[in-house]
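Residue numbers (full-length UniProt numbering): 1 to 60.
The beta-carbon is built from N, C-alpha and C at its ideal position, and this holds for glycine as well.
I have placed the structure first, in the form of structure tokens, so that the comments after it can refer back to it.
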């Protein structure tokens, strides 16, 4: 995918994220922007997995 296509797809997903998740993603991006050694993919995967797990527990 081109950079533009990736950004468009990310924006589509961002539009659907709950506020709490969106804020967590923003904080993660801010940290990654300051410190390039941060494991952005690993951290983002963890945030999304934790949020999904919480949503599943709340739905029960």
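Cβ-Cβ distances below 8 Å link residue 36 to nothing in the same chain once the five nearest sequence neighbours on each side are left out. Around the CB of residue 25, 16 or more other CB atoms lie within 10 Å, so the residue is classed as buried. Beta-carbon to beta-carbon, residue 28 and residue 44 are separated by about 6 Å, close enough to satisfy the 8 Å threshold. In the structure shown, the three-state DSSP call for residue 48 is helix. Annotated three-state conformation of residue 33 is helix, per DSSP.
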